[in-house]
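Residue numbering for the sequence shown is 1 to 311, as defined by the UniProt record's numbering. The C-beta atom is built at its ideal place from N, Cα and C for all residues, glycine as well. Since the structure is predicted, the reported quantities are computational estimates derived from the model, not experimental observations.
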Amino acid sequence: MILVTGGTGFIGRALVRQLVEAGHEVRTLIRPSPHSPRLPKGVPVEVAVVSLTDIRGLRAALRGVDRIYHLAGGESKAELFETDIEGTKTLVQVADEAGVQQIIFLSHLGADKASAFPVLKAKGIAEEHIRRGKTPHTIIRSSIVFGVEDNFTTEILRLVRISPGFLFIPNKGQTRLQPLWVEDLVTSLLWSLDHPDLQDQSIEFGGSEYFTLRQVVEVILLATGKKRLIFSASTPILRVLTVILAASIPNFPISGFFLDYLATDRTCEADSLPRIFGLMPARFTYRLDYLRKKSWLEKLREKQANLKKAN
């Protein structure tokens, strides 16, 4: 049995689907919430409703579990402490007691317990908890991930759509990124189960190409047929602007955490996936069809095609 934390997230849903398709029994951890969980549709998966800081609940959730994928992460400062730091600490403690064979932890490039950025600091502390545990582990530091319903390209496009003909990006848009397609990341997570040489190792995964943030925005504009003027502003000014806009625009797509992700270069060696798994990552510019708004005719054709497959 494989336990997945964060199984209702963007990456987690794709991972759960691939694990089940590969024949694994999967149980996903869902924290108590009044909202319905976004589980992958049509995928048979067990569910354990429990907080990562609930030791008793975790002990029950880990019965029969031999591998853990730890993908859960916070989206606010309070959640970072509760989920990434305390939650990881508790999960490792219970996994040690239960005799779990392996924890695969998804972290970020740039994770460091001494980082000035809360997200990267929290992931760095979480990595330390995992290394200090008795359970064999693999820590995967990923570059920024893109795909359908992601928190990267989709949010940038949302910002483009509500912008009045122009938009601001931080630090002259010179931050270097290495976008990684979600299916390539998930395939690598899945294959990590069969690589004993990765035990107790930290590895870094990224896409096959490097882009500046400005180039990423330009590619998204080109892929969606949008035209916007791009201006630069300092990160502190954008933080203030983000707070003001978030207070006045419902579901404003950019947050302080989003700016943290883009504050420093997020790159690693481009040959990491081919070297470790023989997997050539998809090119960023070739996988952005999901951003393009489809016409009613295209939607009708897709619906008809799906009906034919179902029959």
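Item checked: Every unbroken alpha helix (DSSP H) inside the stretch 221-289 [4 residues or more] -> 235-248, 256-261, 272-277
Next item on the list: Have a look at 23, 58, 112 and flag the residue whose alpha-carbon is nearest the alpha-carbon of residue 93.
Entry: The residue labelled residue 93 in the question sits at position 93 within the sequence shown. The shortest C-alpha separation from residue 93 is found at 58.
Next item on the list: Please classify residue 180: does DSSP put it in a helix, a strand, or coil?
Entry: Numbered from its first residue, the sequence shown carries residue 180 at position 180. Of the three classes helix, strand and coil, the one that applies to residue 180 here is strand, per DSSP.
Notebook entry, point to check: When the Cα of residue 262 is compared with those of 65, 39, 152, 293, which residue comes out closest?
Noted result: Counting from one through the sequence shown, the residue named residue 262 turns up at place 262. Measuring from the Cα of residue 262, the nearest candidate turns out to be 152.
Checklist line | 3 or more residues per run - each beta strand (DSSP E) lying fully within the stretch 1-89 | finding: 2-5, 26-30, 46-49, 67-70
Next item on the list: Just the C-alpha distance for residue 208 and residue 14, rounded to the nearest angstrom, thanks.
Entry: Translated into positions along the sequence shown, residue 208 becomes position 208. Translated into positions along the sequence shown, residue 14 becomes position 14. Approximately 20 angstroms between the Cα atoms of the pair.
Next item on the list: Please look up how many angstroms separate the CB atoms of residue 88 and residue 108, rounded, as I've assumed it's under 8 angstroms.
Entry: For the purposes of this step, residue 88 is taken as residue 88 along the sequence shown, with counting starting at 1. For the purposes of this step, residue 108 is taken as residue 108 along the sequence shown, with counting starting at 1. Not really, about 14 angstroms apart at Cβ, beyond 8 angstroms.
Note to self: Along the chain, where does the alpha helix (DSSP H) containing residue 132 start, and where does it finish?
What the structure shows: As a working mapping, residue 132 is identified with position 132 in the sequence shown. Start and end: 118-132.
Margin query: Counting C-beta neighbours from all protein chains within 10 Å, is the total for residue 313 16 or more, i.e. buried, or is it exposed?
Written below: Absent from the model: residue 313. The displayed extent of the chain is 1 to 311, so no value can be given.
Next item on the list: Determine the closest residue to residue 3 out of 116, 52, 257, with distance taken between C-alpha atoms.
Entry: As a first step, residue 3 is located in the sequence shown; it is residue number 3 there, counting from the start. If we check each option's Cα against that of residue 3, 52 comes out closest.
Next item on the list: Enumerate in chain order the residues of its own chain whose CB-to-CB distance from residue 174 is below 8 angstroms, with the five nearest sequence positions on each side excluded.
Entry: If you number the sequence shown from 1, residue 174 lands on position 174. Counting only Cβ-Cβ distances below 8 angstroms, and skipping sequence neighbours, we find 212, 213, 214.
Check: CA-CA distance, residue 68 and residue 172?
Finding: Locating residue 68 in the sequence shown gives position 68, counting from the first residue. Locating residue 172 in the sequence shown gives position 172, counting from the first residue. Residue 68 and residue 172: Cα-Cα distance of roughly 40 angstroms.
Margin query: Just verifying my parser: in three-state terms, what is the DSSP assignment at residue 170?
Written below: On the sequence shown, residue 170 is found 170 positions in, with the first residue counted as 1. Strand, per DSSP.
Notebook entry, point to check: Which residues in the same chain have their Cβ closer than 8 angstroms to the Cβ of residue 60, if we skip the five residues on either side of it in sequence?
Noted result: Your numbering for residue 60 matches position 60 in the sequence shown. Cβ neighbours of residue 60 beyond the five flanking positions: 48, 50.
Next item on the list: Pick helix, strand or coil for residue 202, following the three-state DSSP scheme.
Entry: For this step, residue 202 is matched to residue 202 along the sequence shown. Reduced to three states, the DSSP call for residue 202 is strand.
Item checked: Bridge-paired residues (DSSP) for residue 211 -> Stepping through the sequence shown from its first residue, residue 211 is reached at position 211. Note: residue 211 sits in a beta bridge opposite 177.
Check: Are the stretch 138-152 and the stretch 285-294 in contact at 8 angstroms, needing three or more beta carbon pairs?
Finding: yes
Next item on the list: Identify the continuous alpha helix (DSSP H) that holds residue 158 and give its terminal residues.
Entry: Position 158 of the sequence shown, counted from the start, is the residue given in the question as residue 158. First-last of the alpha helix (DSSP H) with residue 158: 153-162.
Check: What residues are listed by DSSP as bridge partners for residue 292?
Finding: As a working mapping, residue 292 is identified with position 292 in the sequence shown. Partner(s): none; residue 292 has no beta bridge.
Check: With C-beta atoms as the reference, is residue 318 less than 7 angstroms away from residue 272?
Finding: In the structure as shown, the chain begins at 1 and stops at 311. Residue 318 is therefore absent and cannot be evaluated.
Item checked: residue 258 to residue 242 span [Cα, whole Å] -> Within the sequence shown, numbered from 1, the residue matching residue 258 stands at position 258. Within the sequence shown, numbered from 1, the residue matching residue 242 stands at position 242. So the two alpha carbons sit approximately 10 angstroms from each other.
Next item on the list: Count the other CB atoms, across all protein chains shown, that sit within 10 Å of the CB of residue 196; report buried if there are 16 or more and exposed otherwise.
Entry: To locate residue 196, count along the sequence shown from 1; it is residue 196. It counts as exposed.
Next item on the list: Classify residue 123 as buried or exposed, calling it buried when 16 or more other Cβ atoms lie within 10 Å of its own Cβ.
Entry: Looking up residue 123 in the sequence shown gives position 123. That one is buried.
Item checked: Integer-rounded CB distance, given that residue 169 should sit under 8 angstroms from residue 230 -> Translated into the one-based positions of the sequence shown, residue 230 becomes position 230. Translated into the one-based positions of the sequence shown, residue 169 becomes position 169. Going by Cβ atoms, the distance from residue 230 to residue 169 rounds to 6 angstroms, so yes, they are a contact pair.
Next item on the list: Can you tell me which of 275, 76, 142, 281 puts its alpha carbon nearest to the alpha carbon of residue 117?
Entry: Counted from its first residue, the sequence shown places residue 117 at position 117. Measuring from the Cα of residue 117, the nearest candidate turns out to be 76.
Next item on the list: With distances taken Cα to Cα, identify the nearest neighbour of residue 62 among 210, 182, 29.
Entry: Here residue 62 refers to the residue found at position 62 of the sequence shown. Of 210, 182, 29, the residue nearest in Cα terms is 29.
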